[in-house]
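*Asks:*
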DNA sequence: TTTATATCGAGAAAATTGTATCGATAAAAT
DNA sequence: ATTTTATCGATACAATTTTCTCGATATAAA
Ligand SMILES: NC(=O)c1ccc[n+]([C@@H]2O[C@H](COP(=O)([O-])OP(=O)(O)OC[C@H]3O[C@@H](n4cnc5c(N)ncnc54)[C@H](O)[C@@H]3O)[C@@H](O)[C@H]2O)c1
Ligand SMILES: NC(=O)c1ccc[n+]([C@@H]2O[C@H](COP(=O)([O-])OP(=O)(O)OC[C@H]3O[C@@H](n4cnc5c(N)ncnc54)[C@H](O)[C@@H]3O)[C@@H](O)[C@H]2O)c1
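Chains as they are written, first to last, in the numbering used here: chain A, 18 to 230; chain B, 18 to 230.
(1) Look up residue 132 (chain B) in the DSSP assignment and say whether it is helix, strand or coil.
(2) Use the C-beta contact count for residue 228 (chain A): other C-beta atoms within 10 angstroms, 16 or more gives buried, fewer gives exposed.
(3) Whole angstroms is fine: what's the gap from residue 201 (chain B)'s alpha carbon to residue 183 (chain B)'s?
(4) Comparing the CB of residue 196 (chain B) with every heavy atom of ligand 2, is any distance shorter than 8 Å?
(5) Given 8 Å as the limit, tell me if residue 44 (chain B) has its C-beta closer than that to any heavy atom belonging to ligand 4.
(6) Can the beta-carbon of residue 126 (chain A) be found less than 9 Å from the beta-carbon of residue 199 (chain A)?
(7) For the alpha helix (DSSP H) holding residue 68 (chain B), just list the boundary residues, first then last.
(8) From the beta carbon of residue 115 (chain B), is the nearest beta carbon of chain A less than 9 Å away?
(9) For my contact list, residue 108 (chain A) and residue 180 (chain A) are in at a C-beta cut-off of 8 Å; report their separation, rounded to the angstrom.
(10) In the DSSP output, which residue or residues are listed as bridge partners for residue 149 (chain B)?
(11) What does DSSP give as the partner residues of residue 85 (chain B) in its beta bridges?
(12) Between residue 122 (chain B) and chain A, is there a C-beta pair that is closer than 9 Å?
(13) Is residue 30 (chain A) close to chain B? Criterion is C-beta to C-beta, closer than 9 Å.
(14) Since residue 74 (chain B) and residue 56 (chain B) are thought to touch, with beta carbons under 8 Å apart, how far apart are those beta carbons, to the nearest angstrom?
(15) Pick out whichever of B:208, B:136, B:230 has its Cα sitting closest to the Cα of residue 61 (chain A).
(16) Going by the CB atoms, is the gap between residue 103 (chain B) and residue 197 (chain A) shorter than 9 Å?
(17) Nearest-angstrom Cα distance between residue 135 (chain A) and residue 81 (chain B)?
(18) Is there a C-beta anywhere in chain A that falls below 9 Å from the one on residue 22 (chain B)?
(19) On the DSSP letters alone, give me the boundaries of the beta strand (DSSP E) that residue 108 (chain B) sits inside.
(20) Using three-state DSSP, classify residue 227 (chain A) as helix, strand or coil.
(21) Three-state secondary structure (DSSP) at residue 80 (chain B)?
(22) Would the beta-carbon of residue 184 (chain B) be found less than 8 Å away from any heavy atom of ligand 2?
(23) What's the C-alpha gap between residue 19 (chain A) and residue 86 (chain A)?
(24) With distance defined between alpha-carbon atoms, name the residue in A:164, A:165, A:220, A:194 nearest to residue 176 (chain A).
(25) I need the straight-line Cα distance from residue 52 (chain A) to residue 83 (chain B), nearest angstrom please.
(26) How is residue 166 (chain B) classed by DSSP in three states: helix, strand or coil?
(27) For residue 200 (chain A), does the three-state DSSP call read helix, strand or coil?
(28) Distance, Cα to Cα, residue 139 (chain A) vs residue 72 (chain A)?
(29) Just checking my contact of residue 116 (chain A) with residue 44 (chain B) at CB under 8 Å: how many whole Å lie between their CB atoms?
(30) Taking just the CA atoms, how far does residue 217 (chain B) sit from residue 210 (chain A)?
(31) At a cut-off of 8 Å, is residue 151 (chain A) close to ligand 1 when judged by its beta-carbon and the heavy atoms of the ligand?
(32) Under 8 Å Cβ-Cβ, which residues of chain A neighbour residue 199 (chain B)?
(33) Using CA coordinates, which residue listed in A:100, A:106, A:47, A:76 is at the minimum distance from residue 160 (chain A)?
(34) Under 9 Å Cβ-Cβ, which residues of chain A neighbour residue 147 (chain B)?
(35) Against residue 103 (chain B), what residues of chain A qualify as contacts under a CB-to-CB distance less than 8 Å, listed in chain order?
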């Protein structure tokens, strides 16, 4: 069995997908081996940092050669839980919900959205990117029967807590939240916020500083 | 003039929008003053951390009372550059592009997407959420004339670098990138990646760890 | 009025994260 | 065959970020 480090920093975790995207691109181009130095150059990171990040996945390299790209991809995917797809329910088939439903690459990232839910009667019964839009009332029962672990929240902020409570009650273990609202979850449930506004904040703050000069 | 601290950490910058969302919610409920302790409780942060974050915006509180919510909102928005809207161009009117075009709250966050561009002839000429979809060839000229500072990249990864080069050539100063590709930009241009897969990586890694137990 | 308490603001301490150094090793160059 | 070079892996060091401590202050309670 592979023994993994007990703690991984969030920063490391967030850099791993970057490496993965790069590795897949390079492999398409026929690259077989890659060094931390090369990876670091692509992102303007420190090579040692890359090495440490890769170390957490359990990958081992060889001096003067680097790491085998194929092995690295497998190791990173394993580590992130992207080797087996997790089935997920999405609630809120609005603009963002539709974009997520239409994103084919999620399968590569271990995410398989199997159904959507909405409270809008006009949306219920339609199909979006080949997934049925179901009434919210059906979520608890279905989530249990289908062993759904991941719930995606794409409803307006004021309804987000209600949706989360429903999901948690239905046995969902991990929540990916797109609403800009602080959510309360019970111990043991995983909450991850995909906050676009945080990213935007960094952008506009930097831009403002540059423009003020 | 308000003298701002020279350096703000990215972490602080990313927490500020969280506070802002909370403050706006609380103000709707009639709250006038709020302490760092209260804010910290909402997010499970350390109160001192919140106090330091708020300090960077130039806000000052009073002992035993806390901060005036209204002042805090203004200060944070000022600091993030969300007090005046920045006009932006969006390239790639696909699933994600449409979601972004349809997001009304961006105005609150200082972002005003004024036009969309796409290379797909079937999309060009249509309107999405009341914004025209224009051919890519028109971008350089229009960006200059309209003094566009922000470019949003929502095209598939393999085309992202090309779009960025076009934007930079057109004088765009800041790029918000949604494609999972490492991009090269010249000195002085701001690049911010809105990488959803990073957030997903944290979620699935945590979930995998829990499920393995 | 006096005392208790919550909070700010500043600075110190601790923890975390990132960077540099160095020996070992494997390939390439001489 | 020997030297040089690139890289890994381990460890030490540095920077940053978070958390703790404490005095000052403003309100509320006694
Ligand atoms: N669109 C974006 O680009 C964007 C960007 C950042 C954040 N977000 C956030 O994502 C969330 C969704 O945004 P959107 O643009 O898709 O909004 P939207 O209004 O287009 O869609 C919301 C959908 O949720 C449904 N809904 C509302 N309440 C519900 C409930 N209680 N149960 C089930 N369904 C419910 C609505 O019927 C609608 O279909 C919001 O919280 C928004 O702030 C969106
Ligand atoms: N949809 C999602 O939920 C999601 C999530 C994460 C990341 N992303 C990323 O966002 C980007 C867009 O994703 P999407 O789902 O909207 O894809 P999409 O295929 O739906 O849309 C892409 C759009 O870009 C246009 N386009 C392609 N090349 C172009 C070019 N050179 N110039 C101008 N327009 C061009 C296409 O015509 C299309 O309209 C991708 O890089 C994707 O990886 C999307």
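C-beta atoms are modelled at their ideal positions from N, C-alpha and C, and glycine is treated no differently.
*Replies:* The short version:
(1) strand
(2) exposed
(3) 12 Å
(4) yes
(5) Absence of ligand 4 is noted for the structure shown, with ligand 1 and ligand 2 being the only ligands found.
(6) With respect to residue 199 (chain A), residue 126 (chain A) sits apart: the two C-beta atoms are not nearer than 9 Å.
(7) 64-73
(8) yes
(9) 5 Å
(10) B:144
(11) According to DSSP, which records beta bridges pairwise, residue 85 (chain B) is partnered with B:50.
(12) So yes, residue 122 (chain B) belongs to the interface.
(13) yes
(14) Going by Cβ atoms, the distance from residue 74 (chain B) to residue 56 (chain B) rounds to 13 Å, so no, they are not a contact pair.
(15) B:208
(16) no
(17) 44 Å
(18) Low confidence applies to residue 22 (chain B): its pLDDT is 48, below 50, so where it sits in the model is not reliable enough to give any reading.
(19) Counting along the chain, the beta strand (DSSP E) containing residue 108 (chain B) begins and ends at 103-108.
(20) helix
(21) coil
(22) Checking every heavy atom of ligand 2 against the Cβ of residue 184 (chain B), none is found closer than 8 Å.
(23) Interpretation of residue 19 (chain A) is limited by its pLDDT of 37, a score under 50 that renders its predicted location unreliable; the figure taken from the coordinates is listed afterwards. Their Cα atoms are separated by approximately 19 Å.
(24) A:194
(25) 52 Å
(26) coil
(27) Correct three-state label for residue 200 (chain A): coil.
(28) 50 Å
(29) No, residue 116 (chain A) and residue 44 (chain B) are not in contact; Cβ-Cβ is about 30 Å, not under 8 Å.
(30) 9 Å
(31) No, ligand 1 has no heavy atom inside 8 Å of this Cβ.
(32) 35, 38, 39, 59, 60
(33) A:106
(34) By Cβ distance, chain A contributes nothing, its closest Cβ being about 14 Å from residue 147 (chain B), past 9 Å.
(35) 221, 224
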